[in-house]
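The next block holds one structure in the form of structure tokens; read it before the comments.
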Amino acid sequence: ESLRVQQQHITFQAPAKAAGGTGGKPSGKGKGKASGTDRREVAMVVVAFLSLVVVAYLNHAAWFAREVLPAQARHFGGGADEMGDALRWLRENTPQDAAVLAWTDHGYRITHHGQRATLVDSSLYNLSAVAAVASVL
5 ESLRVQQQHI
15 TFQAPAKAAG
25 GTGGKPSGKG
35 KGKASGTDRR
45 EVAMVVVAFL
55 SLVVVAYLNH
65 AAWFAREVLP
75 AQARHFGGGA
85 DEMGDALRWL
95 RENTPQDAAV
105 LAWTDHGYRI
115 THHGQRATLV
125 DSSLYNLSAV
135 AAVASVL
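In structure tokens form, the structure reads like this:
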């Protein structure tokens, strides 16, 4: 028996050009790449969103500066809070050459607002002195 092979010829035909003369490119409607108009619309939405984010951030920063920072300044400057009252008492009721034993976190505030020396503060890098204070406290 012999096998017979037939050849088939397949031809591909380019799509016909549309009447609008797009040159076979997708028109942007339906599937295909986005047209320039679509890209501009997307860019406008992105710019609008980023503008809203910036406005919201600036609004929050203004609120923070108006409401939160003054409250924190009262804590560190001796307003109507316990730490401020304690620092004021320390300044008014202890000798000027007195040294205060306190944990390192409070050293700067005692030195600056209480106007008294401290044995250790956050700028002290002598770990044996910090360990000695920690064992006492």
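For the sequence shown, the numbering used here begins at 5 and goes up steadily by one. Here a beta-carbon is modelled for each residue, glycine too, at the ideal position from N, C-alpha and C. Treat the numbers as computed from the prediction; the structure is a model and nothing was measured.
Burial check for Ala106: the Cβ neighbour count within 10 Å reaches 16 or more, so the residue is buried.
Short of 6 Å from the beta carbon of Val104, and not among the five residues preceding or following it, lie these beta carbons of its own chain, in chain order: Ile114, Arg120, Thr122. Residue state for Val124 is assigned as coil, using DSSP reduced to three classes.
Beta-carbon to beta-carbon, Leu91 and Gly118 are separated by about 4 Å, close enough to satisfy the 8 Å threshold.
For Arg70, there is no enclosing alpha helix (DSSP H), since its DSSP letter is neither H nor E. Distance from the Cα of Met87 is smallest, within the candidate group Ala65, His116, Ser127, for His116.
Remark: C-beta atoms of Thr108 and Asp125 approach each other more closely than 8 Å. One alpha carbon belongs to Leu56, the other to Tyr112, and they sit about 40 Å apart.
For Thr115, the uninterrupted alpha helix (DSSP H) run begins and ends at 111 to 116, by DSSP. Take Tyr129, set aside five residues on each side of it, and no residue of its chain has a beta-carbon closer than 7 Å to its own.
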